[in-house]
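Engineer: Structure in structure tokens, see below.
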Amino acid sequence: MLNVHNLSVSFGGEYLFEEISFRLNGGNRVGLIGKNGAGKSTLLKLLSKDMSLDTGTVAIEKDVKIGFLRQDIDFEQGRTVLEESYQAFTEIQALERKLEKINQQLAERTDYESEGYNQLMIDLSDITHHYEILGGYNYQGDTEKILLGLGFKREDFQKKTETFSGGWRMRIELAKLLLQRNDVLLLDEPTNHLDIESIIWLEQFLNNYSGAVMIVSHDKMFLDNVTNRTIEISLGRIYDYNKPYSKFLKLRAEIKEQQVNAQKNQEKEIQQAERLIEKFRAKSTKASMAQSLIKKLDKMERIEVDEDDNAVMNVRFPISITPGKIIAEIEKLSKSYGANHVLDGIDLLLERDSKTAFVGQNGQGKSTLAKIMVGELDHTGSMKLGHNVQLGYFAQNQAEYLDGSKTVLDTMIDAANEKNRSKVRDILGSFLFRGEEVEKYVKVLSGGERNRLALAKMLLQPFNVLVMDEPTNHLDIKSKNVLKRALQNFEGTLILVSHDRDFLQGLTNKVYEFKDKKIREYLGDIDFYLEQRKAENFRAIEKQQQKKKTAAMEKTTGNDFEAQKKLKSLKNQLSTVESKISQLEKDIAKIDHDLLMDYDATIAKADFFDQYQGKKNTLEELMERWEKLSSQLENSTP
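What follows is the structure in structure tokens.
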């Protein structure tokens with residue numbers, strides 16, 4: 158499908174990667190990994206042609222369609238969910254505009270016998286045929302099905318995209334990619350902003366996808382569940398193995414161990430040869446042997462051990478002072494955004510040293526409650542902080558608050574006070590900003606580098622309670638592991654909003670699920686929560702099945718006769734309508750064929766256009782009738 162050969166990219170004289178080559182085939186689900194700034198997003202932009210190549214080639218087979226899910230989704234303001242989703246069908250919409258223009262001209266003109274009018278009719282037939290081939294009569298229905306499958310409700314379809322959270326907008330973009338029927342999907346951190354249920358849905362979709370996928374993700378569990386191949390970018394090279402992430406790490410470690418052992422053996426061989434050369438060189442009878450050994454060493458291909466980029470953050474969150482036993486007390490708290498009620502009558506008590514996770518679907522109020530706790534949003538009801546509570550807050554979009562025109566060092570100095578200004582360079586060093594890197598402008602940093610800087614900046618303020626909203630977005634896997642260890646060692650109170658199952662595992666001892674404007678407490682970690690939710694779902698299924706059985710028994714003893722009579726009538730009506738639709742479709746297809754074969758003779762028939770349009774109008778009415786009957790039948794079926 159796609160072949161990359163000797164691809165190189167450099168910035169400021171330094172190579173991100175140099176002369177890398179690989180091939181993507183159908184069924185490949187590739188996890189593209191590497192530290193922040195290694196060039197992962199850049200590689201996806203090159204493959205999608207968002208960026209031009211420096212050197213090398215990217216060869217794509219003819220007619221292969223590539224879909225690219227970017228990190229930063231930029232929707233046009235004012236479009237509804239449906240209108241934005243329809244952007245997947247640019248070619249169909251262009252044909253619709255052409256058809257509308259031709260139909261308008263046909264309605265206005267009266268020169269029926271002219272060459273121009275005849276050409277319009279030919280164009281109408283050609284464009285209509287192309288429109289049908291592309292699925293012009295089905296795309297609106299397909300769009301609604303995909304949106305409903307992704308969790309949207311019909312009442313959401315006409316809402317503006319800007320009224321939705323980042324996770325829901327990501328779903329709209331995913332819907333567009335699915336509707337385009339691409340052969341290759343390039344996904345740049347697709348799980349950022351997605352809730353756990355959405356991530357599980359995406360995993361299922363990708364596992365059933367027949368095309369090629371390349372995914373940049375720092376979600377270890379997601380990579381293990383989805384990918385069957387891993388490509389790592391490290392120190393300008395790539396390492397490519399047909400294994401998912403965890404198996405790749407194990408295999409890579411085994412290969413490196415073999416390389417180290419082979420290098421040691423080779424080094425012993427070289428040292429032995431050098432000793433013999435030194436010994437034989439001075440003897441005339443052995444000089445030829447010495448020369449032979451020298452030539453052998455010159456020709457020997459030295460074994461190299463793959464280098465690892467093991468630079469990681471060094472993070473420690475010290476607490477400022479010890480707070481009182483009660484951290485926060487919330488009673489009957491509610492929050493609305495206009496007509497949108499997010500939280501309703503929330504009660505919550507947080508105690509010192511507790512480790513709490515906020516989970517649930519996007520838009521259910523997790524980030525809203527976090528912002529209320531740190532004083533960023535007004536609300537109704539009561540929210541009291543305890544004695545000596547000092548909050549440290551990491552917002553979901555914390556990196557967006559950084560000034561792109563400042564350098565990394567200036568960003569930190571401006572946020573520091575007299576007591577910690579002297580520690581700025583040490584803090585930056587622990588977050589991997591060393592040497593000349595502190596003079597980089599914020600605007601040139603990758604998403605992960607910006608998040609690291611935002612975390613470093615947070616350490617300049619005193620706190621004993623950490624409120625962190627999606628802190629792992631954009632962080633590479635090694636940095637995430639370091640952050641997780643730092644939070645495990647944090648002696649204060651922790652509140653985490655996150656969709657990253659692997660990150661949450663073993664980090665919290667209490668979970669609050671946000672759903673339907675309320676919260677529900679689970680006294681355990683994320684694994685316990687997921688186990689409970691699964692069990693609940695099974696119970697719900699059992700209850701639904703029991704209700705159906707009870708309802709069926711009641712119908713057999715009561716109004717069974719009337720229900721069966723109504724059901725039979727609906728089925729008969731539906732069968733009649735389907736038969737008429739089938740016949741009309743055949744009639745219209747025959748007329749279309751006659752138009753293509755002998756246009757003049759076909760339109761010469763009496764009242765041709767009226768009859769032709771009449772059939773199409775009747776077909777449309779029958780389709781609407783079929784839809785209503787199908788809906789009634791579905792609701793009437795026990």
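Under the working numbering, the first residue of the sequence shown is numbered 158, with each subsequent residue one higher. Virtual Cβ for every residue (Gly too), placed ideally from N, Cα, C.
For VAL417, name the three-state secondary structure that DSSP assigns.
Structural biologist: VAL417: helix per DSSP, three-state reduction.
Engineer: Output the distance between the C-alpha atoms of LEU210 and VAL499, rounded to the nearest integer angstrom.
Structural biologist: 47 angstroms
Engineer: How would you call ARG180, buried or exposed, if buried means at least 16 neighbouring beta carbons within 10 angstroms?
Structural biologist: With fewer than 16 other beta carbons inside 10 angstroms of its own, ARG180 counts as exposed.
Engineer: From the DSSP output, which residues share a beta bridge with VAL215?
Structural biologist: VAL161
Engineer: Between the segment 338-352 and the segment 364-374, do three or more beta carbon pairs fall short of 8 angstroms?
Structural biologist: yes
Engineer: Quick one: is THR650 buried, meaning 16 or more other Cβ sit within 10 Å of its Cβ, or exposed?
Structural biologist: buried
Engineer: In whole angstroms, what separates the C-alpha of GLY191 from that of SER391?
Structural biologist: 6 angstroms
Engineer: Distance, Cα to Cα, ALA527 vs ILE503?
Structural biologist: Taking the CA atoms as reference points, ALA527 sits about 13 angstroms from ILE503.
Engineer: Are the Cβ atoms of ARG386 and VAL187 separated by less than 8 angstroms?
Structural biologist: yes
Engineer: Would you list the residues sitting across from LEU226 in a DSSP beta bridge?
Structural biologist: LEU344
Engineer: Less than 8 angstroms between the C-beta atoms of GLY194 and GLY605, yes or no?
Structural biologist: Yes, the Cβ-Cβ distance between GLY194 and GLY605 is below 8 angstroms.
Engineer: Could you compute how far the alpha carbon of THR300 sits from the alpha carbon of ALA332?
Structural biologist: 8 angstroms
Engineer: So the candidates are GLN768, GLU670, LEU779; which of them puts its Cα closest to the Cα of ASP352?
Structural biologist: Selection GLN768, GLU670, LEU779 evaluated against ASP352 yields GLU670 as nearest (Cα-Cα).
Engineer: How far does the alpha helix (DSSP H) with THR300 in it extend, from its first residue to its last?
Structural biologist: 296-306
Engineer: Going by the DSSP bridge assignment, what does LEU500 pair with across the sheet?
Structural biologist: LYS492
Engineer: Let me know the secondary structure DSSP gives ILE478 once reduced to three states.
Structural biologist: coil
Engineer: Under a Cβ-count criterion, where at least 16 other Cβ atoms within 10 Å of its own Cβ denotes burial, should VAL417 be classed as buried or exposed?
Structural biologist: Under this definition VAL417 is an exposed residue.
Engineer: GLU248: which of ASP207, GLY235, GLU257, LEU291 sits nearest, CA to CA?
Structural biologist: LEU291
Engineer: For LEU256 and ASP751, I'd like the C-alpha separation in whole angstroms.
Structural biologist: 20 angstroms
Engineer: Indicate whether LEU602 and LEU610 have their beta-carbon atoms separated by less than 8 angstroms.
Structural biologist: In terms of Cβ geometry, LEU602 and LEU610 form a close pair [threshold 8 angstroms].
Engineer: With distances taken Cα to Cα, identify the nearest neighbour of GLY184 among GLU171, SER167, LEU159.
Structural biologist: LEU159
Engineer: Just verifying my parser: in three-state terms, what is the DSSP assignment at GLN703?
Structural biologist: Bear in mind that the predicted position of GLN703 carries a pLDDT of just 47, short of 50, making it unreliable; the figure below should be weighed with that in mind. Helix.
Engineer: Is GLU176 helix, strand or coil when you go by DSSP?
Structural biologist: The answer is strand: DSSP assigns GLU176 an E or B state.
Engineer: Per the contact definition of three or more C-beta pairs closer than 8 angstroms, is the segment 171-178 in contact with the segment 389-404?
Structural biologist: yes
Engineer: Check GLY538 in the structure and name its three-state DSSP category.
Structural biologist: strand
Engineer: Would you identify the three-state DSSP class for VAL397, choosing helix, strand or coil?
Structural biologist: Sequence check: residue 397 is Asp here, not Val. ASP397 falls in the strand class under three-state DSSP.
Engineer: Using alpha carbons as the reference points, say which of GLU253, ILE683, PHE379, LEU566 lies closest to VAL516.
Structural biologist: ILE683
Engineer: Taking only beta-carbon atoms, is ILE487 less than 8 angstroms away from chain C?
Structural biologist: Given the protein chain composition of this structure (a single chain), no chain C is represented.
Engineer: State the Cα-Cα distance for the pair PHE405 and ALA369, rounded to the nearest angstrom.
Structural biologist: About 19 angstroms.
Engineer: Of the choices ASN275, TYR396, ASP501, ILE357, whose alpha-carbon is the least far from that of LEU189?
Structural biologist: TYR396
Engineer: Beta strand (DSSP E) containing LYS637: first to last residue?
Structural biologist: LYS637 -> not in any beta strand (DSSP E); alpha helix (DSSP H) instead, spanning 634-645.
Engineer: On the three-state DSSP scale, how would you describe PHE314?
Structural biologist: coil
Engineer: Who are TYR679's beta bridge partners in DSSP?
Structural biologist: Answer by DSSP bridge pairing, in chain order: VAL668.
Engineer: Below 8 angstroms, how does it come out for the segment 661-675 and the segment 582-590: are there three or more Cβ pairs, yes or no?
Structural biologist: no
Engineer: Tell me whether GLY170 sits in a helix, a strand or coil according to DSSP, three-state version.
Structural biologist: coil
Engineer: Quick one: using the 10 Å Cβ neighbour count with 16 as the cut-off for buried, is PRO401 buried or exposed?
Structural biologist: buried
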